[in-house]
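Residue numbering for the sequence shown follows my numbering, starting at 2 and increasing by one per position.
From the three backbone atoms N, C-alpha and C, an ideal C-beta is built for every residue, glycine too.
Everything numeric in this text was worked out from a predicted model, so none of it was measured.
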Amino acid sequence: MPLTKDQFAGVMMGLAVGDALGAAWEGMTSDLIFEMGPADKIVEHASGREIYYTDDTQMTISVVQTLIELGTIEKHYLARKFAENHPDRGYGQGARRIINAIGAGEDWETLAANVFNGKGSLGNGGAMRVVPLGLFFAPDLNLVAEQAALSAAPTHTHEIGVDGARLMAVAAALAAESAGQPFDRQAFLTQLRSFAETEEFQWQFDHALELEPHQSLRSFGCSLEAQRSVVTSVMCFANSPDSYPETISRAIGQGDDVDTLAAMAGALAGARLGIGGVPKHLIDCLEDNHQGQSFLLDLAEQLWRRYQLGCASA
Ligand code: AR6
Ligand code: MG
């Protein structure tokens with residue numbers, strides 16, 4: 002079954018709301034968030050206050066625009082988009098350096114390969130921007146993983162950063178394809194495990210398959226490295242696949258890189274549940290400036306239209 006416009010909208014709103022709601026709590030410990038919230042109350046009671054998304058949503062916009070304009074990821078084209086769409090919204094330090102180099106016409110590819118002491122970035126920045134891409138290329142999971150790796154390439158060249166992006170995109174495709182059916186958590190995690198190329202992610206999915214949904218996610222981490230956040234977000238979704246508020250509450254409750262955890266987990270929930278799953282009182286809080294909620298919803302619709310062209314010609 003082709004994916005729906007509502008699912009594309011659900012991804013963009015699920016992402017941006019999770020990102021913006023989490024942003025106020027970024028860097029805090031889970032204990033402090035529990036004391037000041039707890040996280041489920043933060044989500045339930047959000048209202049009346051405008052919330053602003055960060056680099057997670059900002060970089061996703063560039064990926065989506067590239068897909069709308071080209072129908073595929075081309076590394077240099079995407080790199081230029083990152084440089085064009087670059088107001089300061091809390092970028093990672095490596096990503097910021099690379100994007101500045103792209104904008105200045107410098108040799109950013111050499112920088113991207115060496116940005117952290119001679120190595121590429123293993124941050125979660127490749128994964129945080131890739132959920133719409135997972136829907137766009139679904140249900141071909143090999144193509145999803147391949148295109149996700151290309152979309153990570155301008156800023157993330159470390160194998161862990163790339164694998165994080167591949168796995169998040171495959172999770173997105175699977176979440177979207179699960180819409181309207183009971184969610185098979187074990188099958189979802191088993192399929193993801195089969196796509197993991199690095200030992201770090203293989204180990205984490207093996208461990209995830211042994212956990213019950215109520216058990217702590219602490220061992221998966223909550224910081225800005227891909228191998229300390231991607232599986233955490235996947236599990237926040239997989240443990241509450243039918244509730245957007247529960248999914249992002251769990252993500253925010255982890256502490257530390259909570260904008261990105263909630264952005265990734267929230268986008269996966271939006272892929273399965275559609276925009277109807279993202280509570281209106283949360284969407285109403287999201288900024289509506291020139292690139293705010295109306296702009297994001299319009300982008301989601303354009304991406305869906307482009308996706309339909311692919312479905313028609315397949
Ligand atoms: N070796 C050691 N540490 C690394 C390495 C490496 N090879 N690669 C990354 N790090 P970055 P992002 C650490 O800058 O992935 C924002 O808040 C290092 O501490 O590439 O685009 C976003 O919202 C580095 O600063 O950024 C995300 O939450 C960090 O990982 C988050 O930052 C991030 O890598 C990541 O964004
Ligand atoms: Mg972040």
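Asked, Found
"At least 3 beta-carbon pairs within less than 8 Å: the segment 136 to 155 vs the segment 231 to 238", "no"
"Cβ-Cβ distance between Leu151 and Ile99 below 8 Å", "no"
"Contact under 8 Å by Cβ, Gly119 with His159", "no"
"Counterpart residues of Phe117 in DSSP-defined beta bridges", "Lys120"
"Check whether Met13 and Pro88 have beta carbons under 8 Å apart", "no"
"Span separating the alpha-carbon of Gln8 from that of Gly277", "9 Å"
"Cβ distance (whole Å) where Ala21 is taken to contact Leu287 below 8 Å", "6 Å"
"DSSP three-state assignment for Leu304, whether helix, strand or coil", "helix"
"Rounded C-alpha distance that separates Asp185 from Glu302", "28 Å"
"Asn125 Cβ short of 7 Å to the ligand AR6 heavy atom set", "yes"
"Short CB-CB distance (under 8 Å) between Val171 and chain D", "No chain D appears in this structure, which consists of one protein chain only."
"Of the residues Asn125, Leu79, Glu85, the one placed nearest Gln94, counting alpha carbons only", "Asn125"
"Inter-residue spacing [alpha-carbon to alpha-carbon] between Val116 and Met2", "42 Å"
"beta-carbon Gln94 near the ligand AR6 non-hydrogen atom, thresh 7 Å", "yes"
"Cβ-heavy atom distance, Thr73 to the ligand AR6, below 7 Å", "no"
"Alpha-carbon to alpha-carbon, Phe221 and Gln205", "7 Å"
"His1 CB to nearest heavy atom of the ligand AR6 below 7 Å", "It is not possible to answer for residue 1, since the shown part of the chain is limited to 2 through 315."
"Local Cβ density within 10 Å of Met37, reported as buried at 16 or more and exposed below that", "exposed"
"Per-residue burial, Lys82 [other beta carbons within 10 Å of its own, 16 or more giving buried]", "buried"
"Close beta carbons around Gly256, own chain, < 7 Å, minus the five adjacent residues each side", "Met29, Thr30, Ser31, Ile34, Cys223"
"As assigned by DSSP and simplified to three states, the class of Glu226", "strand"
"Check: Gly91 C-beta below 7 Å from any heavy atom of the ligand AR6", "yes"
"Reference Ala272, options Ala174, Ala166, His77, Gly104, closest by Cα", "Ala174"
"Nearest neighbour of Asp243, chosen from Val231, Val279, Ala114 [CA to CA]", "Val279"
"C-beta atoms of Asp258 and Ser241 nearer than 8 Å", "no"
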